[in-house]
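> Okay, so the sequence shown: first residue is 2 according to our numbering, each after it adds one. Here a beta-carbon is modelled for each residue, glycine too, at the ideal position from N, C-alpha and C. Model, not experiment: these values are computed from the prediction.
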Amino acid sequence: MAKSQDELKEMVAAKALEFIPAKGIVGVGSGSTVVKFTQAIAAQGIKIEGAVSSSNKTTELLESIGVKVLDPNSCEPYEVYIDGADEVNDDFEMIKGGGACLTREKILASMAKTFVCIVDKSKLVTTLGKFPLPVEVIPMAREQVARRLRELGGNPVLREGCITDNGCEILDVHGLTITDAKSLEDKINGIPGVVTVGLFAHRGADVVLYATDDGVQQKNKA
Ligand code: 5RP
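(1) Please report how far the alpha carbon of Val208 lies from the alpha carbon of Tyr79, in whole angstroms.
(2) Helix, strand or coil for Met95? Go by DSSP, reduced to three states.
(3) Tell me the residue span of the beta strand (DSSP E) that contains Leu159.
(4) Where do the ends of the beta strand (DSSP E) carrying Leu125 lie?
(5) Can you tell me whether Gly199 is buried or exposed, with buried defined as 16 or more other CB within 10 angstroms of its CB?
(6) Going by DSSP, name the residue or residues bridged to Thr213.
(7) Using DSSP with H/G/I as helix, E/B as strand and the rest coil, what is Phe20?
(8) What does the alpha-carbon distance come out to for the pair Val174 and Asp181?
(9) Determine, using beta carbons only, whether Gly100 and Thr178 come nearer to each other than 7 angstroms.
(10) Answer yes or no: the CB of Cys118 versus the heavy atoms of the ligand 5RP, is any distance below 6 angstroms?
(11) Enumerate in chain order the residues of its own chain whose CB-to-CB distance from Ser111 is below 8 angstroms, with the five nearest sequence positions on each side excluded.
(12) Which residues have their C-beta within less than 5 angstroms of a heavy atom of the ligand 5RP, listed in chain order?
(13) Of all the options Gln219, Val70, Ala206, Arg143, which has the alpha carbon lying nearest to the alpha carbon of Ile189?
(14) Throw me the rounded Cβ distance for the Lys97 and Glu106 pair, which I believe falls under 8 angstroms.
(15) Just to confirm before moving on: does the CB-CB distance between Thr34 and Leu62 stay below 7 angstroms?
(16) First and last residue of the alpha helix (DSSP H) that includes Leu103?
(17) Relative to the C-alpha of Ala44, which residue among Leu125, Ser65, Ser75 is closest?
(18) Quick check on the DSSP output: what are the complete alpha helix (DSSP H) runs of length 4 or more inside the segment 11 to 73, in order along the chain?
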């Protein structure tokens, strides 16, 4: 029977519990799938030594279920980062940042040995770009960054009413068909005033867990 997106997110969140290391810290992302992951941790009574968190909201959630949240500055690189995505392609490259947490997500992903991406099947794509690409920008650079993004073929739109946990703004770039994600990631990161682009190509996922009506499937990067 066809499952709702909410049910699919619950399924994949429950499966992700298997990736929590027995010892050491875990990196936790942001978004509605991650909310379900934290709920599953609480429901199963799973003990976690500590966590690093990609957003103020995730920090609140983790603390509310008794997980100690650490400052990444006080942590060494760690085993597993678990997070959702807005789009994932066959090369394990992702668009992230629908929840405006892309910068902290990228930092935590860069510290992890294994990135476990948890999605429902609707997030799997052949070509990235249908989901508008989030770009976090320093507010005084917004218009100049937008000009440069237009030169790259995109149509940037300011995400109204959104200030990130870092005090910055988000431009959502519509109309891109991303055939070379690594190169585009480099180009956008090179624009003065860009804090982070939500393309996770250089540091993509290592494991993709995706929920389907028939259960959760797993793909491992070769
Ligand atoms: C937040 C993110 C999320 O992982 C992404 O938006 C997916 O969210 P959801 O689990 O709600 O579908 O990148 O910045």
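So, from the data block:
(1) In the sequence shown, the residue the question calls residue 208 occupies position 207. In the sequence shown, the residue the question calls residue 79 occupies position 78. Approximately 16 angstroms, taken between the alpha carbons.
(2) Reading the sequence shown from its first residue, position 94 is the one you call residue 95. DSSP places Met95 in the strand class (E or B) of the three-state scheme.
(3) Reading the sequence shown from its first residue, position 158 is the one you call residue 159. From DSSP, the beta strand (DSSP E) with Leu159 extends over 156 to 159.
(4) Taking the sequence shown and counting its residues from 1, the one referred to as residue 125 is at position 124. Per DSSP, Leu125 belongs to no beta strand (DSSP E) and is neither H nor E.
(5) Counted from its first residue, the sequence shown places residue 199 at position 198. Around the beta carbon of Gly199, a 10 Å sphere encloses 16 or more other beta carbons of the protein chains shown; the residue is thus reported as buried.
(6) The count along the sequence shown starts at 1 and reaches residue 213 at position 212. Bridge partners of Thr213: Gly216.
(7) As a first step, residue 20 is located in the sequence shown; it is residue number 19 there, counting from the start. Three-state result, Phe20: helix.
(8) Locating residue 174 in the sequence shown gives position 173, where the first residue counts as 1. Locating residue 181 in the sequence shown gives position 180, where the first residue counts as 1. Taking the straight line joining both Cα atoms gives about 16 angstroms.
(9) Reading the sequence shown from its first residue, position 99 is the one you call residue 100. Reading the sequence shown from its first residue, position 177 is the one you call residue 178. With respect to Thr178, Gly100 sits apart: the two C-beta atoms are not nearer than 7 angstroms.
(10) Taking the sequence shown and counting its residues from 1, the one referred to as residue 118 is at position 117. Relative to the ligand 5RP, even the nearest heavy atom lies 6 angstroms or more away from the CB of Cys118.
(11) Along the sequence shown, read from residue 1 onward, the residue named residue 111 stands at position 110. Here Ser111 has Arg204 as same chain residues with Cβ atoms under 8 angstroms from its own Cβ, once five neighbours each way along the sequence are excluded.
(12) Output, sorted by chain position: Ser31, Gly32, Ser33, Thr34, Gly85, Asp87, Lys97, Gly98, Gly99, Gly100, Cys102.
(13) Within the sequence shown, the letter at position 188 stands for residue 189. It is Arg143.
(14) Position 96 of the sequence shown, counted from the start, is the residue given in the question as residue 97. Position 105 of the sequence shown, counted from the start, is the residue given in the question as residue 106. In this structure Lys97 is in contact with Glu106, their Cβ atoms being roughly 6 angstroms apart against a cut-off of 8 angstroms.
(15) To locate residue 34, count along the sequence shown from 1; it is residue 33. To locate residue 62, count along the sequence shown from 1; it is residue 61. No. Outside cutoff.
(16) The count along the sequence shown starts at 1 and reaches residue 103 at position 102. Counting along the chain, the alpha helix (DSSP H) containing Leu103 begins and ends at 103 to 112.
(17) Sequence index remark: in the sequence shown, residue 44 carries index 43 (1-based). The shortest CA-to-CA distance from Ala44 to any of Leu125, Ser65, Ser75 is the one to Ser65.
(18) DSSP runs (the alpha helix (DSSP H)) wholly in the segment 11 to 73: 33 to 45, 57 to 65.
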